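Q: Protein chains in written order, with this note's numbering: chain A, 57 to 682; chain B, 36 to 537; chain C, 173 to 664; chain D, 15 to 122.
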Amino acid sequence: MTDHELKLTLAMVVLFLPLLAAVGIGLGARRWRGLSAGLSLGATVIAFVCSLILFIKFHGAPADIVPATDAAFHGIQWLQLGDFSVDFAALIDPLSLLMMLIVTTVGTLVQIFSLAYMRTDAGYSRYFAGLSLFLFSMLGIVLASNLLLLFIFWELVGVSSYLLISHWFEKPAAADAGKKAFITNRIGDFGFLLGILLVWQLHGTLDIIELSNIGAVTTAAGLLIFCGAVGKSAQFPLHVWLPDAMEGPTPVSALIHAATMVAAGVYMLCKLFFLFTPDALVIISWIGGITALLAALMAIQQNDIKRILAYSTLSQLGYMVMAVGCAGPAASMFHLTTHAAFKALLFLGAGAVIYSCHHEQDIWKLGGLRKKLPLTYRAFVTGALALAGFPLMSGFFSKDAILAQAFMANQPLFYLGVAVALLTAFYMMRCVLVAFHGEPRGEAARDAHEAPGEMTGPLIFLSILSIGLGWHFFGLNDFLLNKNIWLGTTITGAVIPNEITHTAHLAAMISGTIASLAGLALGWVAYRGVKQDPLPGMLGALARGMRDKFYFDELYAWLNRWTQERLARYADCFDRWIIAGLGVRGSSGAVDLTGCLLRLVQSGNLQTYALLLALGLLVMLTFFLF
Amino acid sequence: MSPLTYIFGWPILMALVLMAVPRENRSVFRWGAILATLGSLVLALFVFAKFEPINDLTSINHGYAFVQTAEWIPSLGISFHVGVDGVSMLLVLMAALVAFAAACCAGGIKAREKEFSILLLLMTGGILGAFMALDIFLMYFLHELALIPTFIMIGVWGRGENREFAAYKTTLYLSLGALLALVGLIMIYLHYETFNLPEIIHRVQSTQPDLMTTGQQGLIFALLMFGLGILVGLWPFHTWAPLAYGAAPTATAMMHAGVIKKFGLFMIIRVALPILPDGAQQWLPVLAWLCLGNLLYCGLVAMRQRDLNGLIGNSSVAHMGFVFLGIASMTLIGLTGAVMVMVAHGLLAALAFALSGHLHQQARTLDMDKLGGLLTVMPFWGTLLLMALLAGCGLPGFANFAGEITVFFGAWKTMPLITGIAAWAALVIGAVYMLRAARQLLHGPRADDAPHTEDIPGWHKLPFIILLGALLLFGFAPKLLTNKIETARESLEHVVEMYKRK
Amino acid sequence: MNLSLISLEIGVALLGVLVLLAGLWTPPHRRSALGFCTALGLTVLLALLVKQGMAIETLTDSSGGFVRDGLAVFFKALFLLAGILVTLLTMGFANRLRTGGAEVYALNCFALCGMLFAASANSFVMLFVAIELITITFYVLTSLQSHRLRSLEAGIKYLILGAAASAVMVFGIALIYGSAHTLQFNLIADGLAAGHMKQLLLFQLGALLLLAGLAFKIAAVPFQIWAPDVYQGAPAPVTAFLAIGSKAAGFVLLLRVLYTAFQVQPDGPRLLEPTAMFSVMAAATIIFGSLCALRQRNLKRLLGYASIASAGYVLLGIVALNERGAAAVLVYLAGYLFAVIAAFTVISILTPEDEDEDLSILANLHKRSPLMALTLTLAVASLAGIPPLAGFLGKFLLLRAVIEPAATFPWLVAVALLGVVASLYYYFGIIREIFWGTGQWWTEKAPETAAIKLADSQVVVLVVCVLGMLAVGLYPQPILEIANAAVQGLGL
Amino acid sequence: MTDVGLEHYLVVSAALFCLGLLGVVIRRNLIVMYMSLELMLNAANLALVSFSHHQPPSPHGSPLDGQIMVFFIITVAAAEVAVGLALIVALYRKRQTTDVADLTSMKL
């Protein structure tokens, strides 16, 4: 078996096994809960193993498209019309190998965790089918070799996310959240689609490899493509769906809304880095920065443990996008990887807490869990420290890389980044202190007991990754800094990812450490042993604003009501009253009325008839004779 | 004899046979209809499989396969003339699929089964024949044969308070459309003195390209565009559609929304575009803007619907906008996309109306405010409805997406603004109303006073599965569609070339 | 004088006289045998006519006033067929007449005789006599149910207005005679062609008055005023005969006068402006007939208005001023024959003795008599122009004729389309009453449900009409050929 | 003595015709209306006869045509009168009236 064939086989196994699992569950396995879970988990584990083999074996190889270069597989065309063709082919480059590995790893862990977490759920089989479908779609994004294929899987992850968020569809909040997520994503996808169309018009191709040989052409195309990432990675101004998506089961939040799907936007930006002009990058970086700051501020005043994590996810995604904008896709991918580990850890930890505390999610009703759930506590703290960028944790290194990029590209963003790092440390400290320390403040917290092994096992594994992923020993950073793994950077005129200078490195390291420690310290001071949140008293209106997410939901609801809904109402009224009413009924009524009037002529009186006859004759003679 | 003749002759023959059966034998009618449509379906699949492209436009059959001709009214230049190319082949297959599904779904009819079955079969035969006719008169004639049962079925077996109004409005509206188109067709005939479609097209494209002046072409094209547009629900002539589908019995709504409505579009592609390239040049820009009326405006109207059928009806009108956009783009890609959307939407509309028909049969209401949480009580139905709704908002994996995206690619280069607005309507507005329906009907808690509903039993699932299966099949492998359309490529290219000639 | 030329007319007249005489000795309960004999006799005559064939050689008598060409033969066959069907239809109705059980058959024969002459008229003398024979007979026929005030009233209205129209026409003939110095069609044409026409204004005035008289016969606006009342008041079989026979006679005379005598052609001498006149007339007729019928509940009156609208459509074929138009008129009338007779047969059976022919009498018809329901539905669909019935073909041909590239009247076509759409509304109303009518909602009376027993003669009429509509609609090739050949003689 | 020419006859004829028409239009009694109709027919007769009399020699058509026509008209008119009067009598026996205003059972 040649390398090429091996690559192809493994990639296809990775991609299609989850789909087969989903189809299998849908077609009949859903009647047996264990079989469904087994199918799904088995597929994911095999996919994980294959990904691992692929990564180890090929992580240094240049980008390769399978099977389009393989004559035997040339037939797999999804669509072909003249000069417009969409090949179903996988683009395997080091970046996609890394992403595959991340997705399958987290996927495996989350599924193991779910075995216990969802055990009593009525929609157990449906849940695993959804997860498998999601994994298929996500891996499709990772492997897609052209933009349209990417868009297809992009949409499919959207729908699997929709299905999983509204898994508990009887709950109105969950159902609404799913809908909101899907529609908000669709707004981003709208831009994405236009971007694809524009790229096709300007470049004449949609194939990523071919595109990478052309490079960026206009700012507009890049920005439109970026719209897709704004939607999927929940960037400002389309960030509103992600917190609501926490209505889904917690493992889903861990997998989809923390580690993988929301990172797909960042992944796409990194992979298509060559499509962005410097102007586009500036805008991208600012969007990322704003998202990071806003989300961090909002996170400070949230009380739901999952929502805190959701806002922190938003904030970290903003970080990654900012890094891409600062011409640092390597830093971005680095943070994406570490973030996947520690945020999955945090979410699963939160899941364990929620599981143990009978679905109590308000941190002010928890407390004192440190003693009841020691293992979970340790895991959660590990994750929190990693997220806060505590020195030598994985998050420290990746955040450091991003700050360094920002330092070189855009100084204001650097300071913004530092501020965000401080805020991050602060709210994570708040979360840990309030939820785990002190005395239990609610029934649920008092009765809590440690979760079973299926749940703690993944926690331990992820804790290890969260600590060590950034170390030089893992080689992740070096791997990403290798220029060869980036598409399109070899052509002339392309934007080259920045190389981090020593000064930047130093500045980032020092300010990052200080921010992290300062944030943790502030949090310790503010929340040590408190019974209720002291911040609203100190900050007043600002704290309210943070708690109410700066009123974005209200703003959008208002906007929607005043634009689209109002238009819809006008259209409906127009339809009902003007077209169907005035137009159709009106004209038929007019005809009817004319008919009634005309009939008056037939008065029944012979004399009138004779008169009309004579008049008719007269009219006829007048008209046609003279 | 060509197998095509059997495909559409078989249901008509069955209708005639059923006329002689006494009305007491209720099940005979039901099974007769199913059997006849199944026969057509099997034959259509056979033809689909055997179909071999004949790309030689100069051949005696002008690139059509399975051609059969016979004299009918020679003194008017009218003949019995059937044949298929890639485009009509797909529509025939889709029509046969939907007809079979509709016959299976006709079980809800509990009164006058005899007449219903006969009308359904006439409808099926008529529309199948209309898609394969190569004589313009025959085409029109068979379409009318399919259209008229619609009116009767809405009037007799329709539901709701205003079914009579719906029947009247539909009749008058659609007849007006058909008549306008007829005037246009007669005007074409007066120039060429024949109704033989391939011959006329051949003369337009090679020997007599300038037989009609630009002004005449413009007039005729306008007549065809608006006449056929009324049949399809082109904005602003669409208000009959939601009304009619709201009142029509399930099988009728499936057949009409799914298949018969496609005829207007088919005729624009088949007759108006090739014969009237100059007319097309004058009017297609107008059509491009009108299609936004469908996509955007009807989408917005659909957002306001409280009734499931109203929503599906409006959305089905909205989806016609894609086809119009594809036609207006006048590119090979756009036209291909238009045909794909026609096929996909035919299957989808039939599926959606079949589902809403089942719900109505169970709950006696389609008011979305009164229903909720149905996914728990009717998992199979609910899953299918969810998939249909998602297909309706253009989710990849369903044939609709393949068609819509192709249309966008076809239209983008020439009309970026319109395509952009259309994409907004497709991606966002479509998602808003489709998911709203899912949220209200399937999700959420069940109301305490919700009517008792039961899932689709046993073999009754078959038609649903067939329709959904076809949607998924063509969605995952749109090449199955494009391969067939590709065989008509040369003639489509001719059309595009003629269009761009000036 | 070659008697064999008019043998058909003689035969029909003789048949009428024989029936009248036989009626004297026939006891009242055997009267239907008279009808049967009449129908048989007419059938034999029709068979003879067909056997002589549509021999399309033009034969004229020595004086030139009578012509027997394709057109004449076509219409003679049409009239005879109508006569046979109406006679059969009358057999079922005769017991309602109270008086004149035998006379009705004889009068039918005489009217038919007039029509046969009209089909062959080639001079104004013949035209006048034929028309008067038809009209005066119809005065009597209309008021034959003299115990019904409506019948009598209709007769008198028809009489006064019809006589006035005749007087107008005759005055027109006089003026034409004054300017052309002859009453023979082809001689007038020769005179026109040779430019002998001196007093042009006189001729035009005369022609207009003459056309007004003919327009009265076909009930075209503004001379439609009599039609609704007479259609409503006359006994149903008479209305049927009036609707097809009298109207078709009007049209054959119109064709002859316009094309043979006046030689109007699209590019001919501009003595008249027939195109403008007839297009306005057609449009007004279509609009008036269609709109007035919309809210009409009396079935016969409704069909009266509908027949006005139909006359408008037929006029479209005359507007076209070409062979196609003329042929379309012929085919349309052939289809119209079956539809109208079918409709009036059903009405004649259903109409209660002393009541209105309100639409509600149709309620439950599909249960009471499926054959009648089917026939009436098809008849109405055919009148509305729905394929695959004869009416569709007729309207198709008329539209085709009027949409000629040379003479486009966009507004006229638009009016015609609107008329068709409006007509769908009221025809659909009839079908609705048949299948899901609920009877008279304003009274508490439940609709009749008793099954209706049809007489054999009525079944024959219904079946013939259904077959006729379907045959003309589905396989029109033969009739098209005949019609095309028939209009050759018009000199277009 | 003034020569009475074709024009004079025609003027009289036209006047008669118009008078007849006017009579039909304005009179309410059926019998009088009927008489007016006869007047119109006779106007036509007068015109025909005078045309026939003043017809110049012409290659086609006999000058007697017009007068033959007149005989036909008179005959037909007689038949018409017979039928008409019978109807009016029948009406009178049924309704005791000959006023047209009473004949409006069918309208609209």
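Note that beta-carbon positions come from the ideal geometry of N, C-alpha and C, so glycine has one too.
Given the structure is predicted, the values throughout are model-derived calculations rather than measurements.
(1) Determine, for ALA666/A, whether the minimum Cβ-Cβ distance to residues of chain C falls below 8 Å.
(2) Give every residue of the same chain whose Cβ lies closer than 6 Å to the Cβ of LEU99/D, excluding the five residues on either side of it in the sequence, and list them in chain order.
(3) Could one say the Cβ of ALA276/B lies closer than 8 Å to chain A's Cβ atoms, at least one of them?
(4) Could you tell me whether the Cβ of LEU405/C comes closer than 8 Å to any Cβ of chain D?
(5) With TRP270/B as the anchor, note down where its alpha helix (DSSP H) starts and where it stops.
(6) Suppose you measure from the CA of PHE452/A to the CA of LEU147/A; what does that come to, to the nearest Å?
(7) I need the DSSP call for VAL142/A, collapsed to helix, strand or coil.
(8) So which residues on chain C does TYR332/B lean against when the C-beta distance must stay under 7 Å?
(9) Comparing the CB of HIS295/A with every heavy atom of the ligand NAD, is any distance shorter than 7 Å?
(10) Below 7 Å on C-beta distance, what does ARG625/A contact in chain B?
(11) Does any residue of chain A bring its CB to less than 8 Å from the CB of ALA437/B?
(12) How do the region 293-312 of chain C and the region 248-267 of chain C stand: do at least 3 beta-carbon pairs fall below 8 Å, yes or no?
(13) Answer yes if the region 498-511 of chain C comes into contact with the region 568-576 of chain C, meaning at least three C-beta pairs across the two stretches below 8 Å, and no otherwise.
(14) Taking a Cβ distance cut-off of 9 Å, strictly less, list which residues of the region 34-49 of chain D are near chain A, in chain order.
(15) Quick one: give me the first and last residue of the beta strand (DSSP E) that MET482/A is part of.
(16) Measuring only between beta-carbons, confirm whether ASP126/A sits less than 8 Å from chain B.
(17) I want to see whether chain D comes within less than 8 Å of ILE480/C, judged by CB atoms only; does it?
(18) Report the CB separation of THR112/D from ASN43/D in whole angstroms; it is logged as a contact under 8 Å.
(19) Mind checking if VAL191/B is an interface residue toward chain C, Cβ cutoff 8 Å exclusive?
(20) Output, in chain order, the set of chain D residues within a Cβ distance shorter than 7 Å of LEU662/A.
(21) Should GLY439/A and LEU401/A be called a contact, given that it needs their Cβ atoms to be closer than 8 Å?
(22) Report yes if the CB atom of LEU60/D is closer than 8 Å to the CB atom of SER27/D, and no otherwise.
(23) Between the Cα of ALA406/C and the Cα atoms of SER315/C, ASP528/C and PHE289/C, which residue gives the shortest distance?
(24) Give me the chain B residues within the contact set of TRP608/C, using Cβ-Cβ distance strictly less than 9 Å, ordered along the chain.
(25) My output table needs one value for HIS130/A: the three-state DSSP class, helix, strand or coil.
(26) What is the residue span of the alpha helix (DSSP H) that GLY98/A lies within?
(27) Using only alpha-carbon positions, find the residue among TYR534/B, LEU154/B and LEU125/B that is nearest to TRP318/B.
(28) With respect to the alpha helix (DSSP H) encompassing GLY509/A, which residues constitute its N-terminal and C-terminal limits?
(29) How would you list, in chain order, the residues of chain B whose beta-carbon sits under 7 Å from the beta-carbon of PHE140/A?
(30) For the region 449-473 of chain B, list every residue whose C-beta sits within 8 Å of some C-beta in chain A, in sequence order.
(31) With a cut-off of 8 Å on the beta carbons, I'd call LEU459/A and GLY374/A a contact; round off their distance for me.
(32) Go to GLU228/B, then tell me how far its beta strand (DSSP E) extends in each direction, as first and last residue.
(33) With a threshold of 16 other CB atoms inside 10 Å of the CB of LEU420/B, please say whether the residue is buried or exposed.
(34) Any beta carbon from chain A within less than 8 Å of LEU463/C's own beta carbon?
(35) For THR104/B, write down the residues that DSSP places opposite it in a beta bridge.
A: Well, looking at it:
(1) Position 610 of the first sequence, counted from the first residue, corresponds to residue 666/A. Interface residue, yes.
(2) On the fourth sequence, position 85 is the one that residue 99/D refers to. So no residue of the chain qualifies.
(3) The sequence position of residue 276/B within the second sequence is 241, counting from 1. Not closer than 8 Å to any Cβ of chain A, the Cβ of ALA276/B fails to qualify, so no.
(4) If you number the third sequence from 1, residue 405/C lands on position 233. Looking at the sequence itself, residue 405/C is Gly, so the reference to Leu does not match. Chain D, which has a Cβ nearer than 8 Å to the Cβ of GLY405/C, makes this yes.
(5) Counting from one through the second sequence, the residue named residue 270/B turns up at place 235. It is not in any alpha helix (DSSP H) - TRP270/B carries neither H nor E in the DSSP assignment.
(6) By one-based count along the first sequence, residue 452/A stands at place 396. By one-based count along the first sequence, residue 147/A stands at place 91. The alpha-carbon atoms of PHE452/A and LEU147/A are separated by roughly 31 Å.
(7) As a working note, residue 142/A is residue 86 in the first sequence. Reduced to three states, the DSSP call for VAL142/A is strand.
(8) In the second sequence, counting from the first residue as 1, residue 332/B sits at position 297. What TYR332/B touches in chain C: nothing, since even the nearest Cβ is about 25 Å away.
(9) Inclusion of the ligand NAD in the displayed structure is not the case, the ligand content being empty and no account of it being possible.
(10) By one-based count along the first sequence, residue 625/A stands at place 569. Those within 7 Å of ARG625/A in chain B are ARG339.
(11) Walking along the second sequence from the start, residue 437/B turns up at place 402. At least one chain A Cβ lies under 8 Å of ALA437/B.
(12) no
(13) yes
(14) LEU35, LEU36, VAL38, VAL39, ILE40, ARG41, ARG42, LEU44 and MET47
(15) Here residue 482/A refers to the residue found at position 426 of the first sequence. First, the amino acid is wrong: residue 482/A is Phe here, not Met. Not the beta strand (DSSP E): PHE482/A falls in the alpha helix (DSSP H), residues 467-492.
(16) The residue you call residue 126/A lines up with position 70 of the first sequence. Because ASP126/A sits at a pLDDT of 45, beneath the cut-off of 50, its placement in the model cannot be relied upon, and the point is left open.
(17) Numbered from 1 along the third sequence, position 308 holds the residue referred to as residue 480/C. By this cut-off, ILE480/C is not an interface position.
(18) Stepping through the fourth sequence from its first residue, residue 112/D is reached at position 98. Stepping through the fourth sequence from its first residue, residue 43/D is reached at position 29. Their Cβ separation, rounded to whole angstroms, is 6 Å, which keeps THR112/D and ASN43/D in contact under 8 Å.
(19) Stepping through the second sequence from its first residue, residue 191/B is reached at position 156. Closer than 8 Å: yes.
(20) Working through the first sequence from its first residue, we reach residue 662/A at position 606. Simply VAL114 and LEU117.
(21) Along the first sequence, one-based indexing puts residue 439/A at 383. Along the first sequence, one-based indexing puts residue 401/A at 345. Yes, the pair counts as a contact, with Cβ atoms nearer than the cut-off.
(22) To locate residue 60/D, count along the fourth sequence from 1; it is residue 46. To locate residue 27/D, count along the fourth sequence from 1; it is residue 13. Cβ atoms of LEU60/D and SER27/D: closer than 8 Å.
(23) Residue numbering aside, residue 406/C sits at position 234 when the third sequence is read from its first letter. With distances taken between Cα atoms, ALA406/C lies closest to SER315/C.
(24) For this step, residue 608/C is matched to residue 436 along the third sequence. Those within 9 Å of TRP608/C in chain B are GLY190, VAL191 and GLU199.
(25) Residue 130/A sits at position 74 when you count from the first residue of the first sequence. In this predicted model, HIS130/A has a pLDDT of only 41, less than 50, meaning its place in the structure is not dependable; the value taken from the coordinates is given anyway. Correct three-state label for HIS130/A: coil.
(26) Taking the first residue of the first sequence as position 1, residue 98/A is located at position 42. Unbroken alpha helix (DSSP H) run through GLY98/A: 89-114.
(27) Reading the second sequence from its first residue, position 283 is the one you call residue 318/B. It is TYR534/B whose Cα lies nearest to the Cα of TRP318/B.
(28) In the first sequence, counting from the first residue as 1, residue 509/A sits at position 453. From DSSP, the alpha helix (DSSP H) with GLY509/A extends over 509-524.
(29) Looking up residue 140/A in the first sequence gives position 84. Within 7 Å Cβ-Cβ: ILE368 and PHE444.
(30) PRO451, THR454, GLY455, ALA458, TRP459, LEU462, VAL463, ILE464, ALA466, VAL467, LEU470, ARG471 and ALA473
(31) Taking the first sequence and counting its residues from 1, one reaches residue 459/A at position 403. Taking the first sequence and counting its residues from 1, one reaches residue 374/A at position 318. In fact, because the Cβ distance is near 13 Å, the residues do not count as touching under 8 Å.
(32) Residue 228/B sits at position 193 when you count from the first residue of the second sequence. Here GLU228/B belongs to no beta strand (DSSP E), and DSSP marks it neither H nor E.
(33) By one-based count along the second sequence, residue 420/B stands at place 385. So LEU420/B counts as buried.
(34) Along the third sequence, one-based indexing puts residue 463/C at 291. Yes, LEU463/C lies at the interface with chain A (some Cβ there is under 8 Å from its Cβ).
(35) Taking the first residue of the second sequence as position 1, residue 104/B is located at position 69. Answer is HIS116/B.
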